[in-house]
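Everything in the sequence shown is counted per my numbering, starting at 5 for the first residue and increasing by one. Think of the CB as a built atom: it goes at the ideal place given N, C-alpha and C, for glycine as much as any other residue. Keep in mind that this is a model prediction, so the values were computed, not measured.
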Amino acid sequence: MKKVLIIGGAGFVGGYLSEILIENGFEVHSTCLPYEKIKNPECKAHNLDILDKNQISAVLDEVKPDVIYHLAAQSSVALSWKNPQLTVDINIKGTLNVLDSLRDSGLDSRIILIGSGEEYGYIKHCPVSEEETLRPGNIYAATKACQSMIGNIYARAYKMDIVMVRAFNHIGAGQLPQFVVSDFCKQVAEIEKGLKAPEMRVGNLDARRDFTDVRDVVRAYMLLGEKGKSGELYNVGSGKAMVIRKILDIIISQSTEDIKITVDPERLRPSDIPVIEADISRITADTGWKPEIPIEETIKNTLDYWRR
Ligand code: A2R
Numbered sequence: 005m006k007k008v009l010i011i012g013g014a015g016f017v018g019g020y021l022s023e024i025l026i027e028n029g030f031e032v033h034s035t036c037l038p039y040e041k042i043k044n045p046e047c048k049a050h051n052l053d054i055l056d057k058n059q060i061s062a063v064l065d066e067v068k069p070d071v072i073y074h075l076a077a078q079s080s081v082a083l084s085w086k087n088p089q090l091t092v093d094i095n096i097k098g099t100l101n102v103l104d105s106l107r108d109s110g111l112d113s114r115i116i117l118i119g120s121g122e123e124y125g126y127i128k129h130c131p132v133s134e135e136e137t138l139r140p141g142n143i144y145a146a147t148k149a150c151q152s153m154i155g156n157i158y159a160r161a162y163k164m165d166i167v168m169v170r171a172f173n174h175i176g177a178g179q180l181p182q183f184v185v186s187d188f189c190k191q192v193a194e195i196e197k198g199l200k201a202p203e204m205r206v207g208n209l210d211a212r213r214d215f216t217d218v219r220d221v222v223r224a225y226m227l228l229g230e231k232g233k234s235g236e237l238y239n240v241g242s243g244k245a246m247v248i249r250k251i252l253d254i255i256i257s258q259s260t261e262d263i264k265i266t267v268d269p270e271r272l273r274p275s276d277i278p279v280i281e282a283d284i285s286r287i288t289a290d291t292g293w294k295p296e297i298p299i300e301e302t303i304k305n306t307l308d309y310w311r312r
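Below you can see the structure in the form of structure tokens.
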């Protein structure tokens, strides 16, 4: 049985990733910070802060994984504007700690570094391929761009088995409300319960983003662990940008409430990129992966999650 280690497994993606890996017969170990909890009882939990290299070495030594998924991150764009230092520490220094510990361990584990479609920033060609020049538009994106550059350097210089991912927006039940779709669904559920006036507070509705159901995303990660080419970088997205206004329409259409829309300046970012859309031909060619779950279904699951 293949052993997998998920670093940062208590977050939004970690739960879905552990579930699909267990279903597919992997022995799954997952790390979390001391104040977090790994919910899946079939997952072996380990406490780990990636800012402490010794802790990483100890977990690697104990688990000796075949594949490592590095999900641990400060993953919010909004928080990265407010706390750039913390974002740099976790996303750059933390990733270096993980890579150096793996290198020191002498293990030949494959490591999948999870980056972001935000790395491309002000893109010139849509859909954006992995070869596009990076023009990150926010601090989070800059740290993830740095992570993929370091991953590329380590793969080549030290012959490490590193696969890099640029994941575009992923959505689903359990996502924190700092993220747009989860935020809108939470507001609708609150309105339905009478906890809030029938007014949706929104940010920039004209931005176009590439949204994929988180269950499709983790299936891509599983396939990359098996079939991704070593040293390669892959976009993971739907391949189709959708304007946020359309997403809001779908969410509101799944409710019977009469909802007014108000722009909230607090929700506008200091700098917002107009269109982000992925070219997913590389991952499809190498693994056969394509997203399968329609956005209406993902929205229904997310709304139902907040309604509960
Ligand atoms: O920030 P928290 O308390 O929610 O904990 C997050 C955790 N994390 C860390 N783990 C170990 N050492 C650290 N120093 C550290 N700082 C934060 O990583 C959280 O439990 C996990 C990341 O999960 P989420 O923030 O829910 O991200 P998500 O959506 O699961 O995305 C996974 C990956 C990230 O690298 C994103 O940047 C990328 O996919 O899109």
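Rounded to whole angstroms, MET226 and LEU9 show a C-alpha spacing of 12 Å. Between GLU134 and ASP220, the C-beta spacing is not below 9 Å. Taking non-hydrogen atoms of ligand 1 into account, the C-beta of ASP53 is found less than 8 Å away from one of them.
Under the 10 Å beta carbon count, THR99 is surrounded by 16 or more other beta carbons and is classified as buried.
Beta-bridge analysis with DSSP links MET204 to ILE265. Just measuring C-alpha positions, the residue of TYR124, ARG212, PRO69 and LEU83 sitting nearest PRO181 is LEU83. By alpha-carbon distance to VAL132, the top candidate from GLU300, LEU272, LYS244 and VAL71 is LYS244.
Residue pairing by DSSP places VAL247 opposite ARG212 in a beta bridge. Nearest neighbour of ALA14 by Cα position, chosen from VAL169, VAL32, LYS7 and MET5, turns out to be VAL32. Cβ neighbours of LYS233 within its own chain (closer than 7 Å, five residues either side excluded): ASP290. Here the segment 90-107 does not lie against the segment 176-193, with fewer than 3 beta-carbon pairs under 8 Å apart.
Beta-bridge annotation (DSSP): LYS148 is not paired with any residue. The continuous alpha helix (DSSP H) containing SER84 extends over residues 81-86.
Apart from the 5 residues on each side of it in sequence, PRO88 sits with its Cβ closer than 8 Å to the Cβ of ILE143 in its chain, given in chain order. Beta-bridge partners assigned by DSSP to LEU272: none are found. Sequence-distant Cβ neighbours of SER259 in its own chain, meaning closer than 8 Å and more than five residues away, are VAL192, ILE195, GLU196 and LEU307.
Beta-bridge partners of ARG223 (DSSP): none assigned. Each of HIS50, ALA146 and ASP217 was checked against the Cα of GLY178, and the nearest Cα belongs to ASP217. By the criterion of a C-beta distance shorter than 8 Å, ASP104 is surrounded in its chain by LYS57, once the five residues flanking it on both sides are discounted.
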